[in-house]
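Peer 1: In this note's numbering, the protein residues as written are 15 to 115.
Cβ atoms here follow ideal geometry from the backbone N, Cα and C, with glycine treated the same way.
Sharing a structure, written as structure tokens. Questions coming.
Below you can see the structure in the form of structure tokens.
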């Protein structure tokens, strides 16, 4: 489900809360444009930097959320996103390297 950045952050927070005891949350970020693939192939000029956006997706395997961000929104989004990540990564277990014989 595509939503704006503030609703996306709220939904990511809910995903982390619901999967705190067990489960995983997958988050992907990708550079994208509003043009379709066929329009990009036909275009003679390259895509301008102002036209590029960042697509951010989050899922727990059952529910999916996504948002697109412009370059102006990206810095404030990252600040809010990092706050949420720091609050919910305290339950991670450290992987121990196997002992060498």
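1. Using 8 Å for Cβ pairs, my map puts residue 46 next to residue 67. What's the rounded Cβ distance?
2. Roughly how many angstroms lie between the CA atoms of residue 81 and residue 107, to the nearest whole one?
3. Short of 7 Å in beta carbon distance, which residues of its chain neighbour residue 76, apart from the five on each side in sequence? Order them along the chain.
4. Is the segment 34-42 touching the segment 81-94, taking contact as three or more C-beta pairs under 8 Å?
5. What residues match up with residue 42 in a beta bridge as DSSP calls it?
6. Locate the beta strand (DSSP E) running through residue 78, then write down its first and last residues.
7. Can you tell me the Cα-Cα spacing of residue 99 and residue 30, whole angstroms?
Peer 2: Taking the coordinates as given:
1. Cβ atoms of residue 46 and residue 67 come within 8 Å of each other, at about 6 Å.
2. 29 Å
3. none
4. no
5. 71
6. 78-83
7. So the alpha carbons of these two residues sit roughly 9 Å apart.
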